[in-house]
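Notes follow the structure.
This is the structure:
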């Protein structure tokens, strides 16, 4: 509340309401120590006062497991006052740092100076210390405004312009905080707020210290990787998922099990099992994505072998908890994900992740399988570039012009020269096709696809598992190149 009151990102009308609430709070008995809080079962909110105390049943539903019960409400009390309803839980309210004097100082500062100017440098400091992306740091510095809203543009254009974030970036950042409960947020900000909360640099420093103490430091990942993974619609927030790939030793869900810790080391204590289904499903998608769609040396790609080893260790943990909901006996996606992560193909991809030099691409046959690229060129009677392009058109799902030029470090002119050679040999055909991103194709059928997948030649579909949400390789690209070329040499190629 105090953070939002001082934040320039808070709309003026909302800030005025917060200031009025803080003014009332600072002058009330509720700002003094000795309060108790709890849960009461009662139909409607109620306030009961006596000369020795007061009891307030609030219009707030507590966070608790089980079926929703609208009669369960939070209450707060002090002194001795008649209680109403059935008391389900009660405990002393931690005194913390909120005192009448501190609240009065906050209100006086707000009246005299208004909100603190928005400080991009404070955002940068918070990002640098925590590893959170810039949009997430903006939300933290502003007091997590609107994070419980399901609206796409929950911040509004004016606030986003002040922060310098897009609606898509803000929505992605909101996902980072969805699993943090209201009570955890309150405790977090209580620990983070400095003595002078209007000092944005001091606030950023306090937020960073409190975040690292509770949730650990994230390994920063490039924004383009965040955007690409968000497009895969993972169940795990994109920042958390990419941080697990970049620094798997910092991911509790990968390193800590019911009976095993890092590398299977025995643990003397037991911890409650967690449903790792979302993470397992996401790893089955993001691991082949990172392997095939990122260059050598990328921080998200470099440690895939360690990530897969830890995931397999967790899958072998007898305390593992996975929620499986079958429909008519069919295998669920989480079960398919488990099979993929245990497969030899995923082992191949992970083992090759560290073999590329910085900036090299596995999708470039000159790098990943140079001998085969020369064989193809010789067999077709074309130059090496044309042989490379033919392998890419033959085996890869998305050999768009932009991708091919990126993988191969080609200029448009060099690319078009390779295309011309293949067209002259008659092994590919020129055409215009919707959402293809290229103008040359293998002969034969054409299969349309819904985004984020691209339409593709029907012949190559047999090389890929298509029962996954995102079409991605299930084995190494050198293996796919070899498999596709073998079909061609056996007379089973595209026609």
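In the working numbering, the protein residues as written are 505 to 999.
Ideal placement from N, C-alpha and C gives every residue a C-beta, glycine not left out.
Proximity test, residue i beta-carbon vs the ligand ATP heavy atom, cut-off 7 Å
i           : result
residue 999 : The model on display carries no ligand, and the ligand ATP is accordingly not part of it.
Proximity to residue i [Cα-Cα], best of the options
i           : options               : result
residue 527 : 505, 658, 779 and 624 : 505
residue 555 : 521, 545, 544 and 533 : 533
residue 984 : 517, 609, 897 and 930 : 897
residue 546 : 787, 537, 587 and 724 : 587
residue 758 : 735, 644, 783 and 734 : 783
residue 886 : 921, 712, 582 and 792 : 921
residue 519 : 814, 649, 860 and 810 : 649
residue 510 : 914, 707 and 579      : 707
residue 956 : 793, 536 and 655      : 793
residue 643 : 679, 611 and 612      : 679
residue 576 : 583, 548 and 585      : 548
residue 729 : 673, 713, 720 and 712 : 673
residue 851 : 795, 880 and 697      : 795
residue 939 : 958, 799, 604 and 513 : 958
residue 665 : 513, 988, 559 and 620 : 513
As assigned by DSSP and simplified to three states, the class of residue i
i           : result
residue 772 : Summary for residue 772: the model assigns pLDDT 35, below 50, so the residue's position carries little reliability; its value from the coordinates is reported in the next sentence. Of the three classes helix, strand and coil, the one that applies to residue 772 here is coil, per DSSP.
residue 688 : helix
residue 657 : coil
residue 576 : strand
residue 731 : helix
residue 542 : strand
residue 591 : strand
residue 828 : coil
residue 693 : helix
residue 559 : strand
residue 902 : coil
residue 975 : coil
residue 961 : strand
residue 850 : helix
residue 933 : strand
residue 956 : coil
Backbone CA spacing between residue i and residue j [nearest angstrom]
i            : j           : result
residue 737  : residue 936 : 29 Å
residue 629  : residue 622 : 13 Å
residue 1048 : residue 663 : One cannot answer for residue 1048 here, as it falls past the ends of the chain, which runs 505 to 999.
residue 978  : residue 804 : 18 Å
residue 894  : residue 926 : 7 Å
residue 912  : residue 999 : 26 Å
residue 569  : residue 951 : Confidence is the limiting factor: at residue 569 the pLDDT is only 48, short of 50, which leaves the residue's position unreliable, though a coordinate-based value still follows. Residue 569 and residue 951: Cα-Cα distance of roughly 46 Å.
residue 606  : residue 529 : 11 Å
residue 888  : residue 875 : 11 Å
residue 942  : residue 928 : 17 Å
residue 590  : residue 561 : 11 Å
residue 981  : residue 965 : 14 Å
residue 617  : residue 552 : 38 Å
residue 608  : residue 661 : 33 Å
residue 537  : residue 641 : 32 Å
residue 756  : residue 585 : 45 Å
residue 579  : residue 542 : 5 Å
residue 700  : residue 522 : 17 Å
residue 739  : residue 647 : 24 Å
residue 976  : residue 858 : 19 Å
residue 658  : residue 670 : 11 Å
residue 468  : residue 817 : Given a span of 505 to 999 for the chain in the structure shown, any question on residue 468 remains unanswerable.
residue 703  : residue 531 : 24 Å
residue 564  : residue 694 : 20 Å
With 16 other Cβ atoms within 10 Å as the buried cut-off, status of residue i
i            : result
residue 954  : exposed
residue 631  : buried
residue 463  : Here the chain covers residues 505 to 999 and nothing more, so residue 463 does not appear.
residue 961  : buried
residue 683  : exposed
residue 868  : buried
residue 653  : exposed
residue 1003 : There is no way to answer for residue 1003, as the model of the chain reaches only from 505 to 999.
residue 776  : With a pLDDT of 41 at residue 776, under the threshold of 50, the modelled position of this residue cannot be trusted; read the value that follows with caution. Counting Cβ neighbours within 10 Å, residue 776 comes out exposed, since fewer than 16 surround it.
residue 612  : exposed
residue 848  : exposed
residue 767  : Annotation note: pLDDT 41 at residue 767 (below 50); position unreliable, no value reported.
residue 786  : buried
residue 970  : exposed
8 Å contact criterion, which residue i and residue j should meet: CB distance rounded
i           : j           : result
residue 750 : residue 723 : 4 Å
residue 742 : residue 676 : 6 Å
residue 810 : residue 752 : 5 Å
residue 815 : residue 844 : At roughly 10 Å, the Cβ-Cβ gap does not stay under 8 Å, so residue 815 and residue 844 are not in contact.
residue 931 : residue 944 : Their Cβ separation, rounded to whole angstroms, is 10 Å, which puts residue 931 and residue 944 out of contact at 8 Å.
residue 841 : residue 788 : 4 Å
residue 968 : residue 860 : In fact, because the Cβ distance is near 22 Å, the residues do not count as touching under 8 Å.
residue 540 : residue 595 : 7 Å
residue 856 : residue 866 : 7 Å
residue 692 : residue 718 : 6 Å
residue 899 : residue 891 : Not quite, the Cβ-Cβ distance comes to about 13 Å (not below 8 Å), so this is no contact.
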